[in-house]
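Protein chains in written order, with the numbering used here: chain Y, 1 to 313; chain Z, 1001 to 1313. Note that CB positions come from ideal geometry on N, CA and C, so glycine has one too. Note that the structure is a prediction, hence the values are computed from the model and not measured.
Number of protein chains: 2
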Amino acid sequence: MGADLRYAVIGTGALGGFYGARLQRAGAEVHYLLRSDYDHVKENGLAVESPDGNFTLPEVYAYSDAQKMPPCDVAIVALKTTQNHLLSSVLPPLTETGVVLVLQNGLGVEAQAAELVGSDRVLGGLCFLCSNKVGPGHIRHLDYKKIAMGEYRADQSAGGVTERLEAIAQDFERADIPIERAEDLVLARWKKLMWNIPFNGLSVILNATTDAMMSDDNARTLAEILMEEVRQGASSQGRTVPAAFTQTMLDHTAAMKPYRTSMKIDYDERRPLEVEAMYGAPVRAAQAQGVVLPHIETLYHQLKFLDQQNRQG
Amino acid sequence: MGADLRYAVIGTGALGGFYGARLQRAGAEVHYLLRSDYDHVKENGLAVESPDGNFTLPEVYAYSDAQKMPPCDVAIVALKTTQNHLLSSVLPPLTETGVVLVLQNGLGVEAQAAELVGSDRVLGGLCFLCSNKVGPGHIRHLDYKKIAMGEYRADQSAGGVTERLEAIAQDFERADIPIERAEDLVLARWKKLMWNIPFNGLSVILNATTDAMMSDDNARTLAEILMEEVRQGASSQGRTVPAAFTQTMLDHTAAMKPYRTSMKIDYDERRPLEVEAMYGAPVRAAQAQGVVLPHIETLYHQLKFLDQQNRQG
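As structure tokens, this is what we get:
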């Protein structure tokens, strides 16, 4: 990797579009892969609204075909996990030291990329971001933006903070994106699941925003039970999420503005839900270690059913 | 108890109206307590549509005040369990050997009656009935009608088949209602929960009819998991529901016509759901024996939330 990293953004939507545009505005060379928005973005570039200040990038490197992209140092996968089976056809060529950075929720989401480029060339990241795409190439950033980023290891061990991780982190920080360098990506993923498993799933199943859940004894109790079960899941993988983290997450959620989760937005828009990465993979990972996560398993089956019905209807 | 039992029906709706009218048509003396339908039924009697044949009872003993009812031998409680806190004001006077017959789903539903009349004067029954009230004093019976009936015991032991149980059973059978004499009411209740816990709850949470659930892998798998957990719950109370019963229930449900459960109908009509009797009580009974029922507990909290929201909205 040279000093100036060349980025590819695979999936230029609410998440990929936001981070890509911020990197480009900060001086990085960014190449965007698009599907439905290709013509519009090729012509008009990207527009970002944000509490940090609105900006537009009238000219961007836009592609509709990954094979036409130049070799990149960092290919940011910003697709939903439900599209990871398409990865082989949407990854750009990589430079000799190029890596794939999988910015997705859930567990086991790096496996597909690792199969394609080798497990020593994959990093993962968890985005704490509230952002929507409101039109072609038009992103509305609402709140948060931090990323927890770490090295992927095929054996699920902690990868530590490598030079290449540091270089990427610094590029993001130059774009004013706070980066948590995760020594242990697996632990970072389970910590993110502490929030995602209760609130994403229940928001769909109970048709509720975070404030409605937090102000109801039963929903809040169930969220807490689910968080405790996530901790047990982490523990089955040799990771310790401190008990106090449950209360931290609850307090944090109680303090949030009423929030429709990303899974609820997907559901309302009749898009596929990330049930496998967020519920199926954790349940199976724990089960492989002989640990049952029955409350999470209940949500898994319920969400699979609702997702299926939602997209039939 | 004399040879001719005098019956009271407390709650003359889809269930109480159906069984009361059948008993009366077969020659029993039946007294009906009504609330909103009192004026209409006092004037016009009861009308029952049924695959067994339609019939009307132009004259019935109708009451709006339980204290005005004559002493009865059998007071049939046909209210929803959500109204059991009102029982003290709606029970009629009983004859010296009179009993209360609680025709309700769930667990622990006889406790309120036992407190009022003594635990040695209470029987319980589980109705396998598909029936709706379609207008004042107008009942539409759709399918099934069997009752499993047994003696209540304060110590939860099996009460056996007593003479008074036999006498009541024969009255119902004269009215062409099949009666299963349950030697062990607690076991009968857990067996009924084998169906009610998965299908009533999931029909509300997943907004689905029985056929939609049975034809989906995830919903069917979750129903099966829940049934296995009901078996564990029964086991915690010293009751054995045979493993094969799960498959029997699944086959039975698959063979049913598409069915909107009674809890789903209550939910759609914004009536209170019987969550405590059907989910809370079994979870707590098992917990008291050190047995956790986590899948059922998940449904419990979800249903409590949905019920709450549903009646606020």
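Subject >> Partners in chain Y for Q1308 of chain Z, counting only beta-carbon separations shorter than 8 Å >> reply: Going along chain Y in sequence order, the residues near Q1308 of chain Z (Cβ under 8 Å) are D216, N218.
Subject >> Same chain only: Cβ atoms within 6 Å of K1133 of chain Z, ignoring 5 sequence neighbours per side >> reply: Annotation for K1133 of chain Z: G1013, A1014, I1139 place their beta carbon closer than 6 Å to its own, counting only its chain and skipping 5 residues before and after.
Subject >> Separation of I1179 of chain Z from I1147 of chain Z, as counted between CA atoms >> reply: The alpha-carbon separation between I1147 of chain Z and I1179 of chain Z amounts to approximately 5 Å.
Original post:
Can you give the beta carbon distance from T298 of chain Y to T1298 of chain Z, rounded, assuming they're within the 8 Å contact cut?
Top reply: 4 Å between Cβ atoms; contact.
Original post:
By Cβ distance below 7 Å, which residues in the same chain neighbour A188 of chain Y in space, the five residues on each side in sequence not counted?
Top reply: Around A188 of chain Y, the same chain offers L126, A148, G150, A182 as residues with beta carbons nearer than 7 Å, after the five sequence neighbours per side are excluded.
Original post:
Just to confirm, are L1103 of chain Z and A1078 of chain Z a CB contact at a threshold of 7 Å?
Top reply: Closer than 7 Å, so yes.
Subject >> Cβ-based burial, T1261 of chain Z [other Cβ within 10 Å; buried from 16] >> reply: Counting C-beta atoms within 10 angstroms of its own C-beta, T1261 of chain Z has 16 or more neighbours from the protein chains shown and is therefore classed as buried.
Original post:
Under 7 Å Cβ-Cβ, which residues of chain Z neighbour I205 of chain Y?
Top reply: Within chain Z, the residues near I205 of chain Y are I1205, Q1302.
Subject >> Candidates Z:L1023, Z:I1168, Z:V1241, of which the one nearest M1194 of chain Z by Cα >> reply: Distances from the CA of M1194 of chain Z to each of Z:L1023, Z:I1168, Z:V1241 were compared; the closest alpha carbon is that of Z:V1241.
Original post:
Are there 16 or more other CB atoms within 10 angstroms of the CB of Q302 of chain Y, so buried, or fewer, so exposed?
Top reply: Buried, because 16 or more other Cβ atoms sit within 10 Å of the Cβ of Q302 of chain Y.
Subject >> Secondary structure of R1270 of chain Z, DSSP reduced to three states >> reply: The answer is coil: DSSP assigns R1270 of chain Z none of H, G, I, E or B.
Original post:
Are the C-beta of L222 of chain Y and some C-beta of chain Z separated by less than 7 Å?
Top reply: Yes - at least one Cβ of chain Z is within 7 Å of the one on L222 of chain Y.
Original post:
So what's L1187 of chain Z in DSSP terms, helix, strand or just coil?
Top reply: L1187 of chain Z: helix per DSSP, three-state reduction.
Original post:
Between which two residues does the alpha helix (DSSP H) harbouring R1181 of chain Z extend?
Top reply: Where R1181 of chain Z is concerned, there is no enclosing alpha helix (DSSP H), although the beta strand (DSSP E) it sits in stretches over 1179–1182.
**OP:** Rounded to whole angstroms, what's the CA-CA distance from D217 of chain Y to A169 of chain Y? Just pull it up for me.
**Re:** C-alpha of D217 of chain Y to C-alpha of A169 of chain Y: approximately 40 Å in a straight line.
**OP:** On a CA-only basis, which of Y:I76, Y:L123, Y:Y32, Y:S64 is nearest L185 of chain Y? Give me that one, please.
**Re:** Ranking Y:I76, Y:L123, Y:Y32, Y:S64 by CA distance to the CA of L185 of chain Y puts Y:L123 first.
**OP:** Going by DSSP, name the residue or residues bridged to M227 of chain Y.
**Re:** Here M227 of chain Y is not bridged, per DSSP, to any residue.
**OP:** Could you tell me the distance, in whole angstroms, from the CA atom of Q1067 of chain Z to the CA atom of A1008 of chain Z?
**Re:** Q1067 of chain Z and A1008 of chain Z: Cα-Cα distance of roughly 12 Å.
Original post:
Which bits of chain Y does T1261 of chain Z rub up against, with CB to CB less than 8 Å?
Top reply: Per Cβ cutoff of 8 Å: no residues; T1261 of chain Z is ~16 Å from chain Y at best.
**OP:** Could you tell me whether the Cβ atoms of G1011 of chain Z and A1281 of chain Z are closer together than 7 Å?
**Re:** Against a cut-off of 7 Å, the Cβ pair of A1281 of chain Z and G1011 of chain Z comes out as no contact.
**OP:** Might you give, ordered along the chain, the residues of its own chain that have their beta carbon closer than 6 Å to the beta carbon of R1220 of chain Z, omitting 5 neighbours on each side?
**Re:** The answer, listed in chain order, is M1214.
Original post:
For chain Z, is any of its Cβ atoms less than 7 Å away from the one on P258 of chain Y?
Top reply: Using beta-carbon distances, P258 of chain Y does not count as an interface residue toward chain Z, since no partner is under 7 Å.
Original post:
Looking at C-alpha atoms only, which residue of Y:Y300, Y:E166, Y:F18 is the closest neighbour of T56 of chain Y?
Top reply: With respect to the C-alpha of T56 of chain Y, the residue from Y:Y300, Y:E166, Y:F18 having the closest C-alpha is Y:F18.
Original post:
To the nearest whole angstrom, what separates the beta carbons of D1120 of chain Z and C1130 of chain Z, a pair I think is in contact under 8 Å?
Top reply: That pair is no contact at about 33 Å.
**OP:** Would you verify that the beta carbon of P58 of chain Y is, or is not, closer than 7 Å to some beta carbon of chain Z?
**Re:** Using beta-carbon distances, P58 of chain Y does not count as an interface residue toward chain Z, since no partner is under 7 Å.
Original post:
To the nearest angstrom, how far is it from the Cα of G1016 of chain Z to the Cα of G1098 of chain Z?
Top reply: The straight-line gap from Cα to Cα measures roughly 18 Å.
Subject >> Backbone secondary structure at L1293 of chain Z - three-state DSSP >> reply: Note: L1293 of chain Z maps to coil in three-state DSSP.
Original post:
Using Cβ-Cβ distances below 7 Å, what residues of the region 272–297 of chain Y are close to chain Z?
Top reply: Of all residues in the region 272–297 of chain Y, only P294, H295 place a beta-carbon less than 7 Å from a beta-carbon of chain Z.
Original post:
Just how far apart, CA to CA, sit A167 of chain Y and R6 of chain Y?
Top reply: Approximately 12 Å between the Cα atoms of the pair.
Subject >> Whole-number beta carbon distance between Q237 of chain Y and Q287 of chain Y, since they are thought to touch under 8 Å >> reply: About 12 Å separates the beta carbon of Q287 of chain Y from that of Q237 of chain Y, a gap too long to meet the 8 Å contact definition.
Original post:
Less than 7 Å separating the beta-carbons of V1041 of chain Z and A1075 of chain Z?
Top reply: Contact: no.
Original post:
By the 10 Å Cβ neighbour count, where 16 or more other Cβ atoms means buried, how is A243 of chain Y classified, buried or exposed?
Top reply: Residue burial annotation: A243 of chain Y is exposed, with fewer than 16 other C-beta atoms found within 10 angstroms of its C-beta.
Subject >> Cβ neighbour criterion (16 or more within 10 Å) applied to E1173 of chain Z >> reply: Exposed is the call here.
Original post:
What residues from chain Z crowd round F305 of chain Y, counting only those whose CB sits closer than 8 Å?
Top reply: Chain-ordered, the chain Z residues with CB closer than 8 Å to the CB of F305 of chain Y read L1206, A1208, M1213, D1216, N1218, A1219, L1222.
Subject >> Through-space distance from K304 of chain Y to P272 of chain Y, alpha-carbon basis >> reply: Approximately 10 Å, taken between the alpha carbons.
Original post:
Which whole runs of the beta strand (DSSP E) in the region 1140–1216 of chain Z are 3 residues long or more, in chain order?
Top reply: Here the runs fully enclosed are 1147–1151, 1179–1182.
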